[in-house]
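The next block holds one structure in the form of structure tokens; read it before the comments.
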Amino acid sequence: MTLLRSLLVLPLLLSLAVQAAPAPDQQAVASAHPTATEAGHRILDQGGNAFDAAIAVAATLAVVEPYGSGIGGGGFFLLREASETGPRYQFLDARETAPQAANRDMYLDQENDRQLQRVINGPLAAGIPGLPAALVHLAERYGQLTLEQSLAPAIAAAEQGFAPGPSYRQLAGFRLKAMQQDAETARIFLQDNDIPAADALIRQPELAATLRALASQGHAGFYSGPVAEQLIAGVQAAGGIWQQTDLDSYRVIERQPVRFTSRGFEVISAPLPSAGGITLAGILQGLDHLPTATPGSVQWTHNLVELMRRTYRDRALLLGDSDFVSVPTERLLSPAHARQLAAGIDPERATPSLELGEPKGIQEGTNTTHFSLIDRQGNAVAATLSVNLPFGAAFTVPGTGVLLNNEMDDFAADPDGSNSYGLAGSEANAIAPGKRPLSSMTPTMLENADQLAVLGTPGGSRIISMVMLGTLQAMDGRPVQEWVSRPRFHHQYLPDHIQVEDNTFTVEQQKALEAMGHSIKPVGRDYGDMQALLWDKRRNEISAASDPRGEGEASVCCSLPVTP
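Under mature numbering (1 follows the signal peptide of the UniProt record, and there is no 0), read the sequence shown as residues -20 to -1, 1 to 544, first letter to last.
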């Protein structure tokens, strides 16, 4: 049997075991904001399915969590369609694209120094948004309700306003100077040109009007017509390079998700241009080829760190938009590659990253959002959305309410030079017209005959390691609340240290890891915002949890009152 055939057959064999699973007869929504969770339940109570609810949750998060996602950004949706013959999985790639006028060296000055501000602040930093197209795609291909119905909660939230929570106020402080530099962003998202008070009301009538145009006209309501004209004029007037041809050519791409087996589960995750699924496959399958160690022990941690070190090196060296560059995806997903990664691990010594070869670093924004949901038929969605840095490019197109992303920063803006760590960039992720930047967003599901787990989180390059730790918790049969709340650690090849939350390791464990050669860097306790759910098929019960680090809400089987 060939390697490719074996990779295809294993998921097929495992999927046969879940064909007869009953519908859950419950619904659950876990998102990073209570208003968005309520919106999802409202749509489900109105007769919508999981995909209609995903529209409502994503659009509402774009309104009430502008620091994490938005109509001016993009993201990934992992879909599970329930059917009598077994679940079908699909992946919607709504990642932003580089404008047609973009080029490999557009952020370098005459001395070939990377101009950081141009790739972070203002419209030149923005890729072409994908989220509006994704919402239309979900409604037309997968939903049961009209787009107008599913967008109604978000439109109401934009018109009525919301109070900024602690995360909003903290991240507005982080981006305050950039937000103050754009009059429209300051007018909408600040109060008297400063961080809004906790009792302020953030209203977005222009965004409500843009959402209404999208609701009534679909794709054309955003990517052509009056909204598109305002977007192009506003971007170009402020020094950006968008053209109407960029909006005309934007499309959501349906891709086959990454699928592999580990520890009795099929893992279904994000394909390129996300690095998530490939990296997860290397870590989890690699762990299967190492001696068993007690979860949480020093040896277990060492094994995971060494696998992260190696798979993140693969990410930095090899991964990019596979529509533009050749990526050895089949090899990287194979058990043989995972076995090779595991074989190079010394069980008693940390491998210095530079011993593995040419240094490549990762630079990626950390502000993102995630939600997980399931309906009473067993349809499920895991979606991770982003505008890159908090409040994206800190530029709002006048008249539209659309706060733009700064996802161009996720490209290797200087492939031949250095990133913020002083390390070489990656040619595979260099800027090219129409290309999608590499991402770590990793919406993930794992399933067998007994359970379905749905999870994901924001966190930039640390997303993959957080999802990996949550996945291992699920595989060990731990309650869903433990997936989202457990202390976390991370290694991404370079810089060569383990990033750890407070209280992750005991003093003795830290000393033991350091004795093995690991360097440990504390990062406090503000690390991710996981949203997860578990369908226990044996009991036909659903449980859901929202990360205690954030302000989200997870609820199961809630019949919320429907307001007019």
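Positions of the beta carbon are idealized from the N, C-alpha and C atoms, including for glycine. Predicted, not measured: the structure shown is a model, and the values here were computed from it.
### Continuous beta strand (DSSP E) stretch holding residue 501: start and end
Element bounds for residue 501: 500 to 502.
### Task
State buried or exposed for residue 520, treating a residue as buried only when at least 16 other CB atoms are found within 10 Å of its CB.
Under this definition residue 520 is an exposed residue.
### Task
Figure out for me which residue from 162, 412, 17 has the closest Cα to the Cα of residue 303.
Of 162, 412, 17, the residue nearest in Cα terms is 412.
### Message
Quick check: residue 75 and residue 416, are their CB atoms within less than 7 Å of each other?
### Response
The answer is yes: Cβ separation under 7 Å.
### Query
Which two residues bound the contiguous beta strand (DSSP E) that contains residue 154?
For residue 154, there is no enclosing beta strand (DSSP E); the enclosing alpha helix (DSSP H) has its first and last residue at 146 to 154.
### Query
How should residue 81 be labelled, buried or exposed, when 16 other C-beta atoms within 10 angstroms of its C-beta is the threshold for buried?
By the neighbour-count rule (16 or more Cβ atoms within 10 Å), residue 81 is not buried but exposed.
### Query
Roughly how many whole angstroms lie between the Cα atoms of residue 186 and residue 378?
About 9 Å.
### Query
With respect to the beta strand (DSSP E) encompassing residue 44, which residues constitute its N-terminal and C-terminal limits?
Counting along the chain, residue 44 falls outside any beta strand (DSSP E), though it belongs to the alpha helix (DSSP H) covering 30 to 44.
#### Entry: beta strand (DSSP E) segment containing residue 350, residue limits
Where residue 350 is concerned, the enclosing beta strand (DSSP E) starts and stops at 347 to 354.
### Message
Please give me, in chain order, every unbroken run of the alpha helix (DSSP H) with length at least 4 that falls completely inside the segment 105 to 186.
### Response
You should have 111 to 121, 127 to 140, 146 to 154, 156 to 160, 163 to 169.
### Message
In whole angstroms, give me the CA-to-CA distance for residue 291 and residue 483.
### Response
Distance between the alpha carbons of residue 291 and residue 483: 26 Å.
#### Entry: Among 281, 193, 497, 3, the one whose alpha carbon lies nearest that of residue 115
Relative to the Cα of residue 115, the nearest Cα in the group 281, 193, 497, 3 belongs to 193.
### Query
Expressed to the nearest angstrom, what Euclidean distance is found between the alpha-carbon atoms of residue -11 and residue 294?
The predicted model places residue -11 with a pLDDT of 47, which falls under 50 and marks its position as unreliable, so this point remains unresolved.
### Message
Once the 5 residues before and after residue -8 are set aside, which same chain residues still bring their CB inside 7 Å of it?
### Response
Interpretation of residue -8 is limited by its pLDDT of 43, a score under 50 that renders its predicted location unreliable; the figure taken from the coordinates is listed afterwards. Leaving aside the five residues that flank residue -8 on each side, none in its chain has a CB nearer than 7 Å to its CB.
### Message
I'd like to know whether the C-beta atoms of residue 175 and residue 153 end up nearer to each other than 7 Å.
### Response
For the pair residue 175 and residue 153, the CB atoms are nearer than the 7 Å cut-off.
#### Entry: Coarse secondary structure for residue 447, derived from DSSP in three states
If DSSP states are grouped into helix, strand and coil, residue 447 belongs with the helices.
### Task
Could you spell out the range, first to last residue, of the alpha helix (DSSP H) harbouring residue 465?
Counted as a single uninterrupted DSSP element, the alpha helix (DSSP H) harbouring residue 465 occupies residues 460 to 465.
### Query
Hey, would you say residue 434 sits closer than 7 Å to residue 523, going by beta carbons?
Not closer than 7 Å, so no.
### Query
Buried or exposed: residue 163, going by 16 or more other Cβ atoms within 10 Å of its Cβ?
With fewer than 16 other CB atoms across the displayed protein chains lying within 10 angstroms of its CB, residue 163 is exposed.
#### Entry: Limits of the beta strand (DSSP E) - the one that residue 366 falls within
Residue 366: member of the beta strand (DSSP E) spanning 360 to 368, first to last residue.
### Query
Are the beta-carbon atoms belonging to residue 388 and residue 437 less than 7 Å from one another?
The answer is no: Cβ separation not under 7 Å.
### Query
Which partner residues of residue 77 appear in the DSSP bridge assignment?
Bridge partners of residue 77: 108.
### Query
Under the rule that 16 or more other beta-carbon atoms within 10 Å means buried, what is residue 383, buried or exposed?
Label assigned to residue 383: buried.
### Task
Out of 157, 428, 468, 275, point me to the one whose CA is closest to residue 518's CA.
Distance from the Cα of residue 518 is smallest, within the candidate group 157, 428, 468, 275, for 428.
### Message
I'd like to check one pair, residue 108 with residue 386: are the Cβ atoms closer than 7 Å?
### Response
Contact: no.
### Query
Is DSSP giving residue 304 helix, strand or coil here?
Coil at residue 304, not helix or strand.
### Query
Looking at C-alpha atoms only, which residue of 360, 4, 197 is the closest neighbour of residue 68?
Looking at the Cα atoms, 360 is the closest of the given residues.
### The alpha helix (DSSP H) enclosing residue 523, as first and last residue numbers
Segment 521 to 526 is the beta strand (DSSP E) holding residue 523; no alpha helix (DSSP H) there.
### Query
Could you check where the beta strand (DSSP E) with residue 515 kicks off and where it finishes?
Here the beta strand (DSSP E) through residue 515 covers 511 to 516.
### Message
Taking the beta carbon of residue 479 as the centre, do at least 16 other beta carbons fall within 10 Å, making it buried, or is it exposed?
### Response
So residue 479 ends up on the buried side.
### Message
According to DSSP, simplified to helix, strand and coil, what is residue 188?
### Response
Three-state DSSP puts residue 188 in a helix.
### Message
For the alpha helix (DSSP H) containing residue 387, name the first residue and the last one.
### Response
Per DSSP, residue 387 belongs to no alpha helix (DSSP H) and is neither H nor E.
#### Entry: Selected residue, minimal CA-CA separation from residue 262, among 414, 64, 445, 7
The shortest Cα separation from residue 262 among 414, 64, 445, 7 belongs to 445.
### Message
Quick check: what's the CA-CA separation for residue 270 versus residue 465?
### Response
If you take the alpha carbons of residue 270 and residue 465, they lie about 26 Å apart.
### Query
In the structure shown, what three-state DSSP assignment does residue 407 receive?
Residue state, collapsed to three classes: helix.
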